[in-house]
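Visitor: Here's a structure for you.
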Amino acid sequence: MKSEYYKDLKIHNSLSGKKDFFVPIDNNNVGMYVCGPTVYNNAHLGNCRTFISFDLIYRYLSHLGYKVRYVRNLTDVGHLENEDGSGEDKVAKKARLENIEPMEIVQKYTLDFHNILKKLNTIPPNIEPTASGHIIEQIDSIKQIIDAGYGYEKNGSVYFDILKFNESNTYGKLSGRKIEDMMNQSRVLDGASDKKNPQDFALWKKAEKNHIMFWNSPWGKGFPGWHLECTSMSKKYLGDFFDIHGGGLDLKFPHHDCEIAQSEAIDGSNPAKYWMHTNMLTLNGKKMSKSIDNFILPNEVFSGDNKILSKAFNPNVVKFFIYQAHYRSVLDLSNDALLASEKGFNKLISGYNLISKLASNEKKSDFDVGLWVTNCYSKMNDDFNTPMLIAEMFDCIRFINSVNIKSKNLNNSDKEKLSEVFNNFLFNVLGFNLEDTNQTRNDSSVELIKLLIKLRNQARVNKNFELSDQIRNDLLELGIKLNDDKNDSSYNLI
Ligand code: AMP
Ligand code: ZN
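Per the working numbering, the sequence shown starts with residue 2, numbered consecutively.
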């Protein structure tokens, strides 16, 4: 059953450049394709930001009651080293350097990728197709593009003819780049190139003598171009026109503009109704990236074994940090930001843990719980605005703390509602996982605070004010403020 809030969802669509109401093509069913990683090295935290963001989107759509088919590919062949589509295949190069089979490289880093995303408690996609497992489909797509008149073969490679395509279509719909500008900016092709134009991209590449990953094709031995796999595999599993296509902002051009051109060449249709792009995680103000040696690996964050951070941070804290920025904003990783996120996350969970322990009654609550719930959904419906959702949750936690110190009133049924909605947002939508060992400690923190208050009460009775002050001050440093009564204390989180 669909939630009452589904109708208000708006998604920022890179295609229209604005927030559009989300109306799926087929009622309750949603098809979502997200470009996955190239499995030739360990995924860094920047890659994880993108996949956590789409996990959130998948979770929220499912929470609203949609049946989502989530497809995320693994690129294991065809992604060449350089942005302009030149150089060696990334997987093949790594295999050559390590002197092992390309598929050993693929297996090693696929396992690592799955392992990391599991630690981050993301839900696996429904289908995870690989490029190497869909060579037949890609050859078919190339034939269709050639038949449509937009592909040409030269010396065993096949290229997409951008200028021909642009005569009756528009190349660059997502990025807004104009073909004339691109042509003015690019260098002239030397005689050695098989391309008619520098902007043309490879659909099929001839395997040179030493190339280790290749397949037979109508054009000889070779391998598919990177942009093609997503077109062939999204068509196979989601059809010619599906709801959401996503990826990081750096894929908008050329990858996604090329995908659109390929699909339009095959069947005249832009493959997706909504195109979504996540912004970059930066480190020291620069895009997190392996190629410029500016990155941190998730396991280095979880273990504390790195030169950037002062301590270890658990996966929930990393997710909280990521959610504190909107997915379309740049987010910079720093020790201070993670420390603040840790404090924020602990406060959120302590507040949630308090709910079940609160006294409630038949009187009207001093907080409009119904309005608060509506506000939480409206933040998520506003293009998945997690920082605003978290702000709403903190607003409610202030109320929870005031009920705890008995200065505010909570109605019985409101208490149940709070518990249910917190549960939904914390675990189903944001995907936090308190079974994580570090978090088990957080679960028991309420009991520990109570124990410290009991010991401090004893110290006060014994007139050991040095100890009682120390406990109060140390708790305050941890963000826990004690409010003294005559013989006892309550506390609130600040
Ligand atoms: P790749 O394996 O390089 O194709 O990247 C996999 C995904 O991670 C793509 O959707 C990229 O856009 C995304 N990505 C790469 N670097 C970052 C970053 N620094 N921040 C956020 N997403 C990124
Ligand atoms: Zn793709």
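Every residue gets a Cβ at the ideal spot worked out from N, C-alpha and C, and that includes glycine.
#1: Buried or exposed for residue 130, please, with buried defined as at least 16 other CB atoms from any protein chain shown within 10 angstroms of its CB.
#2: Can you tell me the Cβ-Cβ gap for residue 161 and residue 263, rounded? I've got them flagged as a contact below 8 Å.
#3: Pull up the distance between the alpha-carbon of residue 175 and that of residue 17, whole angstroms please.
#4: Could you tell me if the beta carbon of residue 36 falls within a distance shorter than 6 Å of some heavy atom in ligand 2?
#5: Measuring CB to CB, does residue 24 end up less than 7 Å from residue 62?
#6: Specify, as a first and last residue, the run of the beta strand (DSSP E) that residue 225 falls within.
#7: Can you tell me whether residue 12 is helix, strand or coil according to DSSP?
#8: Going by the DSSP bridge assignment, what does residue 82 pair with across the sheet?
#9: Using the Cα positions of residue 56 and residue 147, report the straight-line distance between them to the nearest angstrom.
#10: Over the uninterrupted alpha helix (DSSP H) stretch that includes residue 461, give me the two end residues.
#11: Just the Cα atoms here: how many angstroms apart are residue 251 and residue 47?
#12: Below 8 Å CB to CB, which residues in the same chain sit around residue 456 once its five sequence neighbours on both sides are set aside?
#13: Should residue 231 be listed as close to ligand 2, given that the test is whether its C-beta is under 6 Å from any heavy atom?
#14: Confirm, please, whether the CB-CB distance from residue 384 to residue 12 is below 7 Å.
#15: At the level of alpha carbons, what is the spacing between residue 391 and residue 180?
#16: Whole angstroms is fine: what's the gap from residue 2's alpha carbon to residue 210's?
#17: Please list the segments of the beta strand (DSSP E) lying wholly inside the stretch 307–346, counting only runs of 3 or more residues, in order along the chain.
#18: So is the beta-carbon of residue 77 under 6 Å away from any non-hydrogen atom of ligand 3?
#19: Note down, in chain order, each residue of its chain lying with its Cβ closer than 6 Å to the Cβ of residue 333, except the 5 sequence neighbours on either side.
#20: Give me the DSSP bridge partner(s) of residue 128.
#21: Taking residue 492 as part of the beta strand (DSSP E), name the residues at either end of that continuous run.
#22: Per DSSP, residue 281 forms a beta bridge with which residues?
#23: Under 6 Å Cβ to Cβ from residue 288, same chain only, skipping five residues before and after it: list those, please.
#24: Using the Cβ count rule (16 or more neighbours within 10 Å means buried), how would you classify residue 232?
#25: Is the beta carbon of residue 398 less than 7 Å from the beta carbon of residue 484?
#26: Please state whether the Cβ-Cβ distance between residue 203 and residue 223 is less than 7 Å.
#27: Give the C-beta separation of residue 367 and residue 402 to the nearest angstrom, bearing in mind that I take them to be a contact with Cβ-Cβ under 8 Å.
#28: Quick check: the Cα distance between residue 94 and residue 40, rounded to an integer number of angstroms?
#29: Since residue 47 is in the alpha helix (DSSP H), which residue starts that stretch and which ends it?
#30: Measure the alpha-carbon distance for residue 259 versus residue 154 and round it to whole angstroms.
#31: I'd like to check one pair, residue 149 with residue 266: are the Cβ atoms closer than 7 Å?
#32: Using DSSP bridges, identify the partner residues of residue 33.
#33: Taking residue 216 as part of the alpha helix (DSSP H), name the residues at either end of that continuous run.
Guide: Once the coordinates are examined:
#1: Taking the first residue of the sequence shown as 1, we reach residue 130 at position 129. Buried is the call here.
#2: As a position in the sequence shown, residue 161 is number 160, starting the count at 1. As a position in the sequence shown, residue 263 is number 262, starting the count at 1. Rounded, the Cβ-Cβ distance is 7 Å, consistent with contact.
#3: Translated into the one-based positions of the sequence shown, residue 175 becomes position 174. Translated into the one-based positions of the sequence shown, residue 17 becomes position 16. Rounded to the nearest angstrom, the two C-alpha atoms are 9 Å apart.
#4: Taking the sequence shown and counting its residues from 1, the one referred to as residue 36 is at position 35. Residue 36 Cβ: within cutoff of ligand 2.
#5: Position 23 of the sequence shown, counted from the start, is the residue given in the question as residue 24. Position 61 of the sequence shown, counted from the start, is the residue given in the question as residue 62. Not a contact, by the Cβ cut-off of 7 Å.
#6: Counting from one through the sequence shown, the residue named residue 225 turns up at place 224. Unbroken beta strand (DSSP E) run through residue 225: 223–225.
#7: Taking the sequence shown and counting its residues from 1, the one referred to as residue 12 is at position 11. Here DSSP, grouped into helix, strand and coil, assigns residue 12 to strand.
#8: Taking the sequence shown and counting its residues from 1, one reaches residue 82 at position 81. None, per the DSSP bridge assignment.
#9: By one-based count along the sequence shown, residue 56 stands at place 55. By one-based count along the sequence shown, residue 147 stands at place 146. Spanning the two alpha carbons is a distance of roughly 36 Å.
#10: On the sequence shown, residue 461 is found 460 positions in, with the first residue counted as 1. From DSSP, the alpha helix (DSSP H) with residue 461 extends over 446–462.
#11: Here residue 251 corresponds to residue number 250 of the sequence shown, with the count starting at 1. Here residue 47 corresponds to residue number 46 of the sequence shown, with the count starting at 1. C-alpha separation (whole angstroms): 12 Å.
#12: For the purposes of this step, residue 456 is taken as the residue at position 455 of the sequence shown. Result list for residue 456: 472, in chain order.
#13: The residue you call residue 231 lines up with position 230 of the sequence shown. With a cutoff of 6 Å, residue 231 counts as near ligand 2, since its C-beta is closer than that to a heavy atom of the ligand.
#14: By one-based count along the sequence shown, residue 12 stands at place 11. By one-based count along the sequence shown, residue 384 stands at place 383. A contact, by the Cβ cut-off of 7 Å.
#15: The residue given as residue 391 occupies position 390 in the sequence shown. The residue given as residue 180 occupies position 179 in the sequence shown. Distance between the alpha carbons of residue 391 and residue 180: 43 Å.
#16: Working through the sequence shown from its first residue, we reach residue 2 at position 1. Working through the sequence shown from its first residue, we reach residue 210 at position 209. Using only the alpha carbons, I get a separation of about 57 Å.
#17: 332–334
#18: By its list of ligands, the structure shown excludes ligand 3, since it contains just ligand 1 and ligand 2.
#19: Within the sequence shown, residue 333 is the residue found at index 332, counting from 1. Answer for residue 333: 283, listed in chain order.
#20: Taking the sequence shown and counting its residues from 1, the one referred to as residue 128 is at position 127. In the DSSP output, where bridge partners are listed per residue, residue 128 has 72.
#21: Along the sequence shown, read from residue 1 onward, the residue named residue 492 stands at position 491. That run of the beta strand (DSSP E) goes 490–494.
#22: As a first step, residue 281 must be located in the sequence shown, where it is residue number 280. Beta-bridge pairing links residue 281 to no other residue.
#23: Position 287 of the sequence shown, counted from the first residue, corresponds to residue 288. Hits under 6 Å: 281.
#24: If you number the sequence shown from 1, residue 232 lands on position 231. That one is buried.
#25: Taking the sequence shown and counting its residues from 1, one reaches residue 398 at position 397. Taking the sequence shown and counting its residues from 1, one reaches residue 484 at position 483. No, Cβ-Cβ distance for residue 398 and residue 484 is not below 7 Å.
#26: Walking along the sequence shown from the start, residue 203 turns up at place 202. Walking along the sequence shown from the start, residue 223 turns up at place 222. Result no, Cβ atoms of residue 203 and residue 223 do not sit closer than 7 Å.
#27: Mapped onto the sequence shown, residue 367 falls at position 366. Mapped onto the sequence shown, residue 402 falls at position 401. Contact flag wrong, Cβ pair sits at about 12 Å.
#28: Numbered from 1 along the sequence shown, position 93 holds the residue referred to as residue 94. Numbered from 1 along the sequence shown, position 39 holds the residue referred to as residue 40. Cα-Cα distance, rounded: 12 Å.
#29: For the purposes of this step, residue 47 is taken as residue 46 along the sequence shown, with counting starting at 1. 46–64 is the span of the alpha helix (DSSP H), which, as asked, contains residue 47.
#30: The sequence position of residue 259 within the sequence shown is 258, counting from 1. The sequence position of residue 154 within the sequence shown is 153, counting from 1. One C-alpha to the other measures close to 18 Å.
#31: Start at 1 with the first residue of the sequence shown, and residue 266 comes out as number 265. Start at 1 with the first residue of the sequence shown, and residue 149 comes out as number 148. Yes, Cβ-Cβ distance for residue 266 and residue 149 is below 7 Å.
#32: One-based indexing of the sequence shown puts residue 33 at position 32. Residue 33 is bridged to 71, 245.
#33: Here residue 216 refers to the residue found at position 215 of the sequence shown. Segment: none, residue 216 is in no alpha helix (DSSP H) and carries neither H nor E.
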